[in-house]
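Novice:
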Amino acid sequence: MPSIVYSNVAQAGAQRKVRIDLPGREYEILIGVGILNDAGRFIAQRLGAGLCGVVSDENVAGHHLKTLEASMRAEGRFKGSVVLRPGEATKRFGELERLSESLLEMGLERGDLVVAFGGGVIGDLAAFAASILRRGVRYVQIPTSLLAQVDSSVGGKTGINTRQGKNLIGTFHQPSLVIADIDVLKTLPEREMRAGYAEVAKYGLIGDAEFFAWLEANWSGVFAHEPDVLMKAVETSVRAKAALVIADEKEAGQRGLLNLGHTFGHALEAATGYSDRLLHGEGVSIGVVLAFELSERLGLCERGSARRVADHLSGVGLPTLISDISGPPLDAEELIRLMAQDKKVRQGRMTFVLVRGIGKAFLTQAVDIEIVRSLLLEKCGEGLEN
0 MPSIVYSNVA QAGAQRKVRI DLPGREYEIL IGVGILNDAG RFIAQRLGAG LCGVVSDENV
60 AGHHLKTLEA SMRAEGRFKG SVVLRPGEAT KRFGELERLS ESLLEMGLER GDLVVAFGGG
120 VIGDLAAFAA SILRRGVRYV QIPTSLLAQV DSSVGGKTGI NTRQGKNLIG TFHQPSLVIA
180 DIDVLKTLPE REMRAGYAEV AKYGLIGDAE FFAWLEANWS GVFAHEPDVL MKAVETSVRA
240 KAALVIADEK EAGQRGLLNL GHTFGHALEA ATGYSDRLLH GEGVSIGVVL AFELSERLGL
300 CERGSARRVA DHLSGVGLPT LISDISGPPL DAEELIRLMA QDKKVRQGRM TFVLVRGIGK
360 AFLTQAVDIE IVRSLLLEKC GEGLEN
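With the first letter of the sequence shown counted as 1, position 109 gets the number 108 in numbering that gives the first Met the number 0; the numbers rise by one all the way through.
Written out as structure tokens, the structure is:
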């Protein structure tokens, strides 16, 4: 991946563009400083006619909703807002039904737009609603968390959770525009910022060892909200995801690399009830370390790779052990049962993203489940010993 050079990115209004070139579904990702104020103008310029129904959550709305609504009113595009409860528990059928009814009652027509204004939960849920509303309307992603800016807002995956697992019900529905303002991250709780960082690190681990090394040297600038560092982290991540989405829109192959750590992480989220015990990015952090440890046990990568990854993630304040999760110890057999429900299962076989080293991830189904069981029994047992 070519290096990215920045100048004057701290200037308000500075922005960079990444383009998703999917035939008939092309769109831009705008990444900038203070660009939320111009969201209405960007939508009007790029997407033409259509009114906007905003979907947000209580946390984001309290900080930023008035700014977004004002920018849309200035362009004559504002139709109304729906504010939902924050948290992963909102991604379920009941909330999808209520949101869809609210958007219809708002009067959104087929030519109008849904605007997903929040983190990954709001992005996934609002996009799902847009994909089924009047058999499909356009939508815009305005991600407000680091995780959403670098990952979930790009690529067109929508979904909700069920008792059986995470994101098992959903659609592919590409956005018409993504607007990522790194300034809004200043109001993001520190724990949420760290959780999003797990997805940033993931991009280095799957295919860009140089980026991971850069993160090891510069991660403190991400959390200090240094604009040049944060802009590079976000743009590099988005460009990596964009390349995989363009090559494999519906995850028939290489896009699956983006799931490094997620087979383990999604099972951990389900086992903890999609609660504040474990945020998505925290589950990914633990899952990434487990994927590296499994790769080492299988003789696929050099010993010490998992320790290097764990040291970096724990250094930024992320959990890296199952025993780091608060509350009752988790059961290894239950985790395996939940992993078997993962949407990447093919013909009853689990698909794992493993590594041959940092920046060298690959997909495989050729994993002995007994080795996975042994690893999980050991890691879950650590919680019982403490």
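Note that CB positions come from ideal geometry on N, CA and C, so glycine has one too.
Shortest alpha-carbon distance to L167 belongs to which of A208, P85, D180, A266?
Specialist: A266
Novice: Taking DSSP as the reference, what is the three-state secondary structure of A115?
Specialist: strand
Novice: Quick one: grab the DSSP three-state call for Y202.
Specialist: helix
Novice: DSSP beta-bridge partners for G31?
Specialist: Q14, D180
Novice: Output yes or no for whether 8 Å exceeds the beta carbon distance between G155 and P174.
Specialist: Their beta carbons are under 8 Å apart, which means G155 touches P174 by this criterion.
Novice: Considering only their Cβ atoms, is the gap separating S313 from V354 smaller than 8 Å?
Specialist: no
Novice: Does the structure place the stretch 61-77 close enough to the stretch 28-41 that three or more beta carbon pairs sit under 8 Å?
Specialist: Judged by Cβ distances under 8 Å, the stretch 28-41 makes contact with the stretch 61-77, as three or more pairs qualify.
Novice: Under the rule that 16 or more other beta-carbon atoms within 10 Å means buried, what is G52, buried or exposed?
Specialist: buried
Novice: Determine the direct distance from the alpha carbon of V308 to that of G358, and round the result to whole angstroms.
Specialist: 11 Å
Novice: Quick check on DSSP: helix, strand or coil for L51?
Specialist: It is Cys, not Leu, that sits at residue 51 in the sequence shown. The answer is strand: DSSP assigns C51 an E or B state.
Novice: Per DSSP, what kind of secondary structure is K249 in: helix, strand or coil?
Specialist: coil
Novice: Assign A365 to one of three DSSP states: helix, strand, or coil.
Specialist: coil
Novice: In three-state terms, what does DSSP make of Q44?
Specialist: helix
Novice: For L348, which residues in the same chain have their Cβ closer than 7 Å to its Cβ, ignoring the five residues on either side in sequence?
Specialist: The residue you asked about is not Leu; residue 348 is Arg in the sequence shown. Sequence-distant Cβ neighbours of R348 in its own chain, meaning closer than 7 Å and more than five residues away, are Q364.
Novice: Do the stretch 245-261 and the stretch 25-35 make contact, defined as three or more Cβ pairs closer than 8 Å?
Specialist: no
Novice: Within its chain, find whatever has a CB closer than 7 Å to the CB of G356; leave out the 5 residues flanking it on each side and keep chain order.
Specialist: C300, E301, S304
Novice: To which residues of the same chain is V283 closer than 7 Å at the C-beta, ignoring the five residues directly before and after it?
Specialist: Hits under 7 Å: A197, E198, K201, G260, H261, G264.
Novice: In three-state DSSP terms, what is S322?
Specialist: helix
Novice: Near Y401, which residues of its chain fall below 7 Å by C-beta distance, leaving aside the five closest residues on each side in sequence?
Specialist: With the chain covering 0 to 385 only, the question about residue 401 has no answer from this structure.
Novice: Output the distance between the C-alpha atoms of L229 and V315, rounded to the nearest integer angstrom.
Specialist: 15 Å
Novice: So L187 packs on S219, CB below 8 Å; how close in whole Å?
Specialist: No, L187 and S219 are not in contact; Cβ-Cβ is about 16 Å, not under 8 Å.
Novice: Please go through the stretch 262-296 and give each complete alpha helix (DSSP H) segment of 4 or more residues, from N-terminal end onward.
Specialist: List check, alpha helix (DSSP H) in window: 279-296.
Novice: Please go through the stretch 61-93 and give each complete beta strand (DSSP E) segment of 3 or more residues, from N-terminal end onward.
Specialist: 77-83
Novice: Look up R133 in the DSSP assignment and say whether it is helix, strand or coil.
Specialist: DSSP, read as helix, strand or coil, puts R133 in helix.
Novice: Which two residues bound the contiguous alpha helix (DSSP H) that contains H314?
Specialist: Note on residue identity: the sequence assigns Gly, not His, to residue 314. 304-314 is the extent of the alpha helix (DSSP H) around G314.
Novice: If distances are taken between C-alpha atoms only, which option among R190, F210, A126 comes closest to E234?
Specialist: F210
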